[in-house]
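Per my numbering, the sequence shown starts with residue 633, numbered consecutively.
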Amino acid sequence: MDEKKTVKTEPPLLKVRDLVVEYYTRAGVVRAVDGVSFDIHRGEVIGLVGESGCGKSTLGMALLRLVRTPGQISSGQIIFDGEDLIQLSEKEMRARRGARISMIFQDPMTSLDPLQRIDDHFVESIHAHDKSISRQEAIEKAGELFDLLGIARDRLHDFPHQLSGGMRQRVMIGLALALDADLIIADEPTTSLDVLVEAQFLDLLKDLRRRYNMTLILITHNIGIVSELADRVAVMYAGEIVEMADIEPLFAEPVHPYTQALLRSVPNIRLDEELKIMQGQPPDLLDPPSGCRFHPRCPYAIKLCRTEAPPWTEVKPNHWASCWLHVEENENQGGASYG
Ligand SMILES: Nc1ncnc2c1ncn2[C@@H]1O[C@H](COP(=O)(O)OP(=O)(O)O)[C@@H](O)[C@H]1O
Ligand SMILES: [Mg+2]
């Protein structure tokens, strides 16, 4: 068990700067991630939220350099533990995937080999990064993790299809923990689970983050599920992060009209308010709106919003947003600090 603490004076574990990811489609270039910058410190859980199609999965895949053709990382930096992942060779990158950064997908079957028993998954992934560990030791480690994950040890002999969806998601977390990954990126990990299993899985994550000082990026279109788990939230809209703040101020006083609309559309968070479905559709990223991309749906849009993109501004201490309505109030613009 790790006793590391989040010390914000330490350099961030992950620094993303001006990241641009594009898909070259027949219809044109889709800029799915458009100039994204943020920092993550060790032990932090970041919720990355936004409507479907806004670029969350592309951003998550880009952090592992797993964007596939027709997509590519066009520019920017991904500084992980001091080195720019974009500059590494594919071989160097492979050594970091899994062992240093792990990704968990909505459907765990995509990452599990249907022909291999669960214990072999553990043995193989442990051996891929450390051959000095014996098979017996690797299985013992998997067993200890199963105790922690609340799965009976004899399920280690099962094939992936014999486990329930919730168990498979636990196995994915277990595989990341077995390798002691520094950063876990979970992309919609509970979307395929039913509500009760989802709640159990979120409780498990809460427990594990305390035990392991886990650094986690939790990607979800459901802002409700980050509310219990995340320390900070990044809100994505049309390929850009439009607001980022600690969870309490973000929920209590969201400054970006998109975040406000997103929060109003969540049941149970603000019971005193009527549930409102957001008007309009997210823009087509082949041809995004000029100025602020949210302006066609924004009830507060002024003329400037239609013509110029708002700068990333520290609206309140550690509370960043890009919205013209919040620019004059504070002069700290352009993002010298991201976390
Ligand atoms: N393989 C692909 N080819 C072309 N466009 C893609 C591909 N994958 C994603 N996109 C586009 O990139 C944008 C962001 O998608 P995605 O990252 O999956 O968003 P999210 O995870 O937030 O739903 C969308 O407009 C989507 O259509
Ligand atoms: Mg997605």
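The beta carbon of each residue, even a glycine, is placed where N, CA and C say it ideally should be.
I need the DSSP call for Glu820, collapsed to helix, strand or coil. For the purposes of this step, residue 820 is taken as the residue at position 188 of the sequence shown. Three-state result, Glu820: coil.
Per DSSP, what are the beta-bridge partners of Trp952 in this structure? On the sequence shown, residue 952 is found 320 positions in, with the first residue counted as 1. Looking at the DSSP assignment, Trp952 forms a beta bridge with Met876, Glu946.
Report the three-state DSSP secondary structure of Met868 (helix, strand or coil). As a first step, residue 868 is located in the sequence shown; it is residue number 236 there, counting from the start. Note: Met868 maps to strand in three-state DSSP.
Measuring straight from C-alpha to C-alpha, what distance separates Ser646 and Leu717? The residue you call residue 646 lines up with position 14 of the sequence shown. The residue you call residue 717 lines up with position 85 of the sequence shown. First, the residue type needs correcting, since residue 646 is Leu and not Ser in the sequence shown. Going by the C-alpha atoms only, they are around 10 Å apart.
By how many angstroms is the C-alpha of Val865 removed from the C-alpha of Gly679? The residue you call residue 679 lines up with position 47 of the sequence shown. The residue you call residue 865 lines up with position 233 of the sequence shown. Cα to Cα, Gly679 sits roughly 5 Å from Val865.
Cα separation between Thr742 and Ser689? In the sequence shown, counting from the first residue as 1, residue 742 sits at position 110. In the sequence shown, counting from the first residue as 1, residue 689 sits at position 57. Taking the straight line from one Cα to the other gives about 15 Å.
Could you tell me if the beta carbon of Asp819 falls within a distance shorter than 7 Å of some heavy atom in ligand 2? Reading the sequence shown from its first residue, position 187 is the one you call residue 819. At least one heavy atom of ligand 2 is nearer than 7 Å to the Cβ of Asp819, so yes.
Thinking Asp666 and Gly806 are a contact (beta carbons under 8 Å), I'd like their distance in whole angstroms, please. By 1-based counting over the sequence shown, the position of residue 666 is 34. By 1-based counting over the sequence shown, the position of residue 806 is 174. Not quite, the Cβ-Cβ distance comes to about 35 Å (not below 8 Å), so this is no contact.
CA-CA distance, Leu815 and Ser766? Counting from 1 along the sequence shown, the entry for residue 815 is found at position 183. Counting from 1 along the sequence shown, the entry for residue 766 is found at position 134. A straight line joining the alpha-carbon of Leu815 with that of Ser766 spans about 25 Å.
Which residue marks the beginning of the beta strand (DSSP E) containing Thr852, and which one marks its end? Against the sequence shown, residue 852 aligns to sequence position 220. Start and end: 848-852.
Kindly give me the distance between the Cβ atoms of Phe670 and Val648, rounded to whole angstroms, as I take these residues to be in contact under 8 Å. Here residue 670 refers to the residue found at position 38 of the sequence shown. Here residue 648 refers to the residue found at position 16 of the sequence shown. Contact flag correct, Cβ pair sits at about 5 Å.
Ligand 2 and Lys647: does the residue's C-beta get closer than 7 Å to at least one heavy atom of that ligand? Here residue 647 is taken as the residue at index 15 of the sequence shown, counted from 1. No, Cβ of Lys647 sits at least 7 Å from all heavy atoms of ligand 2.
In the DSSP assignment, what are the bridge partners of Leu815? Working through the sequence shown from its first residue, we reach residue 815 at position 183. Per DSSP, Ile733.
Over the uninterrupted beta strand (DSSP E) stretch that includes Val668, give me the two end residues. Reading the sequence shown from its first residue, position 36 is the one you call residue 668. Counting along the chain, the beta strand (DSSP E) containing Val668 begins and ends at 660-672.
Just the Cα atoms here: how many angstroms apart are Asp790 and Ser824? Taking the sequence shown and counting its residues from 1, one reaches residue 790 at position 158. Taking the sequence shown and counting its residues from 1, one reaches residue 824 at position 192. Taking C-alpha positions only, Asp790 is separated from Ser824 by approximately 21 Å.
Distance cut-off 7 Å: Ser684 Cβ against heavy atoms of ligand 1: As a working mapping, residue 684 is identified with position 52 in the sequence shown. Yes, since a heavy atom of ligand 1 falls inside the 7 Å radius drawn around the Cβ of Ser684.
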